[in-house]
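Asks:
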Amino acid sequence: MFRSPFGALGRALATRNARIFFGASLAAWTGLWMHRIAVAWLAWELTGSALWVGLVAFCDLAPAAVISPIAGAVADRVDRLRLATVSQAAIGLAAAAVAALVATGAMRIEYLLLLELFSGTAASFAQPARQTLMAGIVGRADLPAAVACNSLIFNVARFIGPALAGPVIAGFGVAPAIACNAVAYLSAVVTMPMLRVDPAHRHGHPATASLFAEVREGWGYVARHPGLGPLLLYAASLGVLLRAVQELLPPFVERNFGRGAESLALITACFGIGALVAGLWLAARGRTNGATRIAILAGLAQAVATAGFVATGWFPFGLLCAALIGATASLHGISVQQLAQTAADPAMRGRVLALWGMITRACPALGALLLGAAGEAFGLRWPTLVGVVLGLLVFAWGWTRYRDIEAALEGPPPDETLEGEKR
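Residue numbers for the sequence shown follow my numbering, beginning at 49 and rising by one.
1. When the Cα atoms are used, what is the spatial distance from Gly435 to Arg244?
2. Measure the C-alpha to C-alpha separation of Asp393 and Val293 and round it to an integer number of angstroms.
3. Let me check understanding here. Comparing Cα to Cα, which of Tyr159, Ala91, Ser172 lies closest to Arg409?
4. Apply the 10 Å Cβ neighbour rule to Arg64 and answer buried if 16 or more other Cβ atoms are within range, or exposed otherwise.
5. By the three-class DSSP mapping on this structure, what secondary structure does Asp127 have?
6. Kindly list the residues whose CB is nearer than 8 Å to the CB of Leu433, restricted to its own chain and excluding five residues on each side of it in sequence; keep chain order.
7. Between the stretch 97–108 and the stretch 407–421, do at least 3 Cβ pairs fall closer than 8 Å?
8. Do you know offhand how far Val442's Cα is from Pro278's?
9. Considering Cα atoms alone, identify which of Gly347, Ala119, Arg303 is closest to Trp447.
10. Where do the N-terminal and C-terminal ends of the alpha helix (DSSP H) with Trp362 fall, by residue?
11. Which value, in whole angstroms, describes the spacing of the CA atoms of Gly140 and Ala375?
12. Alpha carbon to alpha carbon, what distance is there between Leu372 and Gly322?
13. Can you check which of these residues, Leu80, Ala91, Leu330, is closest to Leu200 by C-alpha distance?
14. Between Phe50 and the rest of its own chain, which residues show a CB-CB distance below 7 Å, the 5 nearest in sequence each way excluded?
15. Here's the rule I'm using: 16 or more other beta-carbon atoms within 10 Å means buried, otherwise exposed. How should Phe319 be labelled?
16. Can you name the start and end residues of the alpha helix (DSSP H) that Thr336 belongs to?
17. By the three-class DSSP mapping on this structure, what secondary structure does Pro274 have?
18. With H, G and I counted as helix, E and B as strand and the rest as coil, what does DSSP make of Ala154?
19. At what residues does the alpha helix (DSSP H) containing Ile226 begin and finish?
20. So, is Thr152 buried or exposed, given that buried needs 16 or more other C-beta atoms within 10 angstroms?
21. Flag this pair as yes or no: are the beta carbons of Ser116 and Ala456 separated by less than 8 Å?
22. Work out the CA separation of Leu297 and Ile382 for me, nearest whole Å.
23. State yes or no: is the C-beta of Leu286 within less than 8 Å of the C-beta of Gly439?
24. Taking Leu440 as part of the alpha helix (DSSP H), name the residues at either end of that continuous run.
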């Protein structure tokens, strides 16, 4: 349980390709977290409304509900490296436009919504393209460690980004913080052509049907799968009910704790610290055995931590609960992604990971929209606690399915099973 994570991480970062890939990810995601803090605060400054803050988060995350299934099918049939490069360039350009409008005083909430919608659409294409490339960067044996490393880097950025964003916003305003995201993503784009990825993993399969037929095929594959279907449904339900708190932090910080932008950055950094510690532990494991149990139990722990966060007005306890939310959300998310990467049929991997991307983006967006609307009428505390109660019911359902999901996902992959039978 207490093994050093650096053995597994060392294997995941052993190649030049992996170091370039994960280094670019760290730069891009640090900029992304600076952008998220700055945009949420900008929306709050422009409107003073939790509903509008929720709408901005919705516009960033919601395109995944429509785009991700299509993006997954595209990633399964095109040059994934090129798709990742183009989509990340679009994210950087959108951030540059937001920064320019803020700097010139021309920003309006309507423009912010449109640009976040554009950026969220581009991110829906970037996510499956990048994640399917990981199988071509490390071997199958090190893929769980690489998935954990990927999430670990995301959460390191989740700590660094807010730590940088708070002082930048307080001292210079939101425009420089958003401009940092543009620079970070454009620098990541420059490094993408340096990667040398095995063609078997870089290029998708030849088109066998229309794009939308392949989208339907991917949905059908997940729905019929005895492990992936229930696990992703569990993750989606928790995403709607519990994740919205992280998307609506500015109103929570000001209303529950009576604090400003620097405290917002501090709370976001605590989310990142908790996620970082959990990611290090999962990286030390470096395997998928037991991942189903971790994913299910983390949902229970996340619900309890969320209840503590919204029920208190004492800032130090809120910081502790934020760290626990970050840790439990990381345990859940990394475990689900490890299982999806290793259990999915290789021909379906892009579509399965796109569906996972849709869950991680669209479900929190829907939750943020619902919680923001309810918060205008009832305040944020009681609607969030209702979501926690519903989340506990979802956990109870997931726990009754735990053994079946584990048996379907933690055995050898279908292709390896067939090879064993032939031998």
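Idealized CB from N, CA, C, for every residue including glycine.
Treat the numbers as computed from the prediction; the structure is a model and nothing was measured.
Replies: Considering the structure as presented:
1. Their Cα atoms are separated by approximately 45 Å.
2. The alpha-carbon atoms of Asp393 and Val293 are separated by roughly 34 Å.
3. Checking every option, the nearest Cα to that of Arg409 belongs to Ser172.
4. Exposed, since its Cβ has fewer than 16 Cβ neighbours within 10 Å.
5. Asp127 falls in the strand class under three-state DSSP.
6. Around Leu433, the same chain offers Ala355, Val358, Ala359 as residues with beta carbons nearer than 8 Å, after the five sequence neighbours per side are excluded.
7. The stretch 407–421 and the stretch 97–108 touch, with three or more beta-carbon pairs separated by less than 8 Å.
8. So the alpha carbons of these two residues sit roughly 11 Å apart.
9. Minimum Cα distance to Trp447 is reached at Gly347.
10. Unbroken run through Trp362: none, as it is neither H nor E.
11. Gly140 and Ala375: Cα-Cα distance of roughly 29 Å.
12. Near 6 Å, if we compare the C-alpha coordinates of Leu372 and Gly322.
13. Nearest C-alpha to Leu200: Leu330.
14. At Phe50, the pLDDT of 40 sits below 50, so the modelled position is not reliable and the matter cannot be decided from this model.
15. Counting the other CB atoms within 10 Å of its CB gives Phe319 a total of 16 or more, which places it among the buried residues.
16. Thr336 -> no alpha helix (DSSP H), and no H or E assigned at all.
17. Under the three-state reduction of DSSP output, Pro274 falls in the coil class, being neither helix nor strand.
18. Here Ala154 sits in coil by DSSP.
19. Boundaries of the alpha helix (DSSP H) around Ile226: 222–239.
20. With fewer than 16 other Cβ atoms within 10 Å, it is exposed.
21. Contact flag unset, no.
22. Ile382 and Leu297: Cα-Cα distance of roughly 23 Å.
23. Yes, the Cβ-Cβ distance between Leu286 and Gly439 is below 8 Å.
24. Here the alpha helix (DSSP H) through Leu440 covers 429–448.
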